[in-house]
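Report on the structure given below.
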Amino acid sequence: MSLEVIKLQCQRGEKELFSELSFALRSKQLMRIEGQNGTGKTTLLRTLCGLYQPEAGEVHWNGKSIKKLGEEYLKDLFYLGHHNAIKADLSALENLQINTALAGETYSEDDLLQALDDIGLFGSEYKPTAHLSQGQKRRVALAGLLLSKAKLWVLDEPFVALDGFAVKLLQEVIAKHIENEGMAILTTHQEVPLTNGEILSISLDLNSSSTGNESTSSDD
Amino acid sequence: MTSAFGTILKRDLLLALRRRSEIFTVLFFFIVVISLFPLGVGTEEKILQQMAPGVVWIAALLASTLALDRLFSADYEDGTLEKIVLSPSSLSMSVFAKILAHWLLTGLPLVLISPLLGLFYHLPMDSIFVMMFVLFIGTPVLSMLGAIAAALTLGLRGGGVLVSLLVLPLYIPVLVYGAGAISTSMITGVSIEPYVLLLLAFSLLSIVFSPWVTAAALKISLE
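Going down the list, the protein sequences come from chains A and B.
Residues in the first sequence are numbered from 1 upward in steps of one, following my numbering.
Residues in the second sequence are numbered from 1001 upward in steps of one, following my numbering.
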C-alpha cells in the first residue's frame, strides 16, 4: 500500500498555493500537514481525494493514478472534511448507518450503537443531530472512523471542537489504525502525540510560490 | 452500486418525511396557481376548458422549479454531498436516486392532485385521465433537466433564480406536447398518440442522459 504524490501543483483562482510538491506515504506511516491558514492544506487534502483537480501533477495509489482507479481507490479512502457530513434532521444512529452504507460497508445496528457508545454518545443515539452540540456532531462523524475499514484516512482538522476525552480517544484510534498497516494524513493546529509509528510532516508555509516548498522530515 | 442507490433514495424520502413543509410548498403552489386563473378570467365553461391544459402545465413547470434549488444545495452545505461523491459506487446512480426521490416528492403529488383541478376547469373525464397520464410521463423530464441546472449552479449566490431562468426555456417542448395532448383529447376523432409518444421519448432520453450529465456537473461544482 502506498500513496505517491508527484509534482503536484494547485491554485485557487489566481493564487498559486503550492507547486512541485512530491511525497510518498506507505503503510504504518502517518503524515501531518502543517501550514498557516490559507496555505492550501484543505485544497491538498481534497486533491488527494480526487475532489479537486490539480493544475499539474498526479496522485498515485499503489502505483496507479487515482483518476484511473476511480471507485477502487475510493473503497480504500476515508475522508473527513470541515463539514461533519451529517444530516441535522436524522438521528446519530441513522446518520452513521447511512454514512457507512455509502462507504460500501454494512453493519448490524448493535455494531453501530457500540461505535456511538465508544465515542461517548451514549444516550444521544436516537436524538436528531440538530439537538447535539458542535463537539457531539463531530463525534457522530468520527464514529464512522471507528468502523471504517479504509486503508487511507484523510482527516481535515479532526480535533476541532472535541473535548479532552474525545481528543485522547481519537489519538488512540489513529494510532491503532497506523499499527494495523493503515496510513493517515491529517492537518491539525494542535500539538498532539499521535502514534509511536513513523510520522512524516510536511509544511506548506513558504510564501514563495515558484520554488518547491516541501520540507519532509521524519522522526521515529 | 445498488446499495448506494437504495441508501440515498431511502435517506431523501426519510428526510422529506421529517420536514414535510418542502413537499407541501410545491403542492400548494401548484393548487393555488391553478385556482387563481378562474378567479381572474371568469368561470365560463368553454374558456376554462380551453385554458386548462396550458394552465396546468405552466403551473407544474413553475412548481417544479421551486424545489430544484434545494435538490443538491442542502447536501452541499452539510458536507454529505462530498460523502456521496466519495462513495465507492457509481455517482450517476447516486444522482439518479436523488432525482428519483425529488420526483416522488414533488412530481408525483402533482399527478395525483390533478384530477381535482381538472374538475375546476370542467374537463371531461377522458381528458382528466389523459392529463394524469401526460403529467405522469412528463414531470420526470422536469426533475431530470432541473437537476442538471441545479448541479451547475451549486454554490453560486442567487443560484435559485438562476436555476429557474436556465431551466424554464428547456421545459418548452414538454409544455407544448404535454398541453397539446390534453387539448387534443377534447377533440373527437383525433389521436393523441403522437404527443404521448414524443413525451415518452423526451422522458426516456432525459432519464438516460441526465444523471450522467448531472454527475459531471456536480464534480465541477464541488471543486
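C-beta atoms are modelled at their ideal positions from N, C-alpha and C, and glycine is treated no differently.
Report yes if the CB atom of residue i is closer than 9 Å to the CB atom of residue j, and no otherwise.
i                : j                : result
I174 of chain A  : A184 of chain A  : yes
S203 of chain A  : M31 of chain A   : no
A1150 of chain B : G1138 of chain B : no
T1106 of chain B : I1023 of chain B : yes
F1120 of chain B : S1021 of chain B : no
R12 of chain A   : T47 of chain A   : no
A1060 of chain B : L1110 of chain B : yes
T1065 of chain B : L1168 of chain B : yes
M1144 of chain B : S1210 of chain B : yes
S1089 of chain B : V1141 of chain B : no
L1156 of chain B : L1165 of chain B : no
Q9 of chain A    : F23 of chain A   : no
Y126 of chain A  : A115 of chain A  : no
V167 of chain A  : Q134 of chain A  : no
L90 of chain A   : R1018 of chain B : yes
L1062 of chain B : F1029 of chain B : yes
K68 of chain A   : D1078 of chain B : no
A143 of chain A  : A85 of chain A   : no
L1091 of chain B : I1084 of chain B : yes
E14 of chain A   : E55 of chain A   : no
E109 of chain A  : L121 of chain A  : no
E179 of chain A  : K28 of chain A   : yes
With DSSP as the reference, label residue i as helix, strand or coil.
i                : result
H1122 of chain B : coil
A1151 of chain B : helix
S203 of chain A  : strand
Q9 of chain A    : strand
M1001 of chain B : Per-residue confidence for M1001 of chain B stands at a pLDDT of 44, beneath the threshold of 50, marking its modelled position as unreliable; the derived number appears in the next sentence. Looking at M1001 of chain B - three-state DSSP - the assignment turns out to be coil, as it is neither helix nor strand.
Y1171 of chain B : helix
E109 of chain A  : helix
Y79 of chain A   : strand
H60 of chain A   : strand
F1129 of chain B : helix
T216 of chain A  : Because the pLDDT of T216 of chain A is 43, which lies under 50, any placement of that residue in the model is unreliable, and the number read from its coordinates should be weighed accordingly. Coil, per DSSP.
K15 of chain A   : strand
F159 of chain A  : coil
S1185 of chain B : helix
L1156 of chain B : coil
F1029 of chain B : helix
F1250 of chain B : With chain B represented from 1001 up to 1223, any question about residue 1250 of chain B goes unanswered, as that position is not in the structure.
S133 of chain A  : coil
S1203 of chain B : helix
E4 of chain A    : strand
A24 of chain A   : strand
S1164 of chain B : helix
A1097 of chain B : helix
V1190 of chain B : coil
S148 of chain A  : coil
F1037 of chain B : helix
Y52 of chain A   : coil
G1180 of chain B : helix
L1088 of chain B : Note that residue 1088 of chain B is Pro in the sequence shown, not Leu. Three-state DSSP puts P1088 of chain B in coil, outside helix and strand.
N84 of chain A   : coil
F122 of chain A  : coil
Q190 of chain A  : coil
A103 of chain A  : coil
G1054 of chain B : helix
Going by DSSP, which residues form a beta bridge with residue i?
i                : result
Q36 of chain A   : Answer is none; Q36 of chain A lacks a bridge partner.
Q29 of chain A   : A:M183 and A:E198
W1212 of chain B : None, per the DSSP bridge assignment.
V154 of chain A  : A:Y79 and A:I185
S91 of chain A   : A:P128
S65 of chain A   : A:H60
Excluding sequence positions up to five away, which residues of its chain have a Cβ less than 6 Å from the Cβ of residue i?
i                : result
L1175 of chain B : W1057
P1053 of chain B : A1179, I1182 and S1183
V1087 of chain B : In the sequence on display, residue 1087 of chain B carries Ser and not Val. Closer than 6 Å at the Cβ level, and outside the excluded window around S1087 of chain B, lie A1004.
T1214 of chain B : V1095, A1147, I1148 and A1151
I33 of chain A   : K41, T187 and I202
G182 of chain A  : K151
L1170 of chain B : L1145
Report all residues from its chain with a CB closer than 8 Å to the CB of residue i; omit the five preceding and five following residues, and keep chain order.
i                : result
V1196 of chain B : F1133, V1134, I1137 and A1181
C49 of chain A   : L77, Y79 and V154
E1082 of chain B : L1222
Q53 of chain A   : T47
Report all residues from its chain with a CB closer than 7 Å to the CB of residue i; omit the five preceding and five following residues, and keep chain order.
i                : result
Q1049 of chain B : Y1121, H1122, L1123 and M1186
D163 of chain A  : G135
P1038 of chain B : L1048 and F1120
Within 9 Å of any Cβ in chain E, is that where the Cβ of residue i sits?
i                : result
G1079 of chain B : Among the protein chains of the structure shown, namely A and B, there is no chain E.
Counting Cβ pairs, one atom from each stretch, are 3 or more of them under 8 Å apart for the segment 124-136 of chain A and the segment 145-157 of chain A?
The answer is no - the segment 145-157 of chain A does not touch the segment 124-136 of chain A, with fewer than three Cβ pairs under 8 Å.
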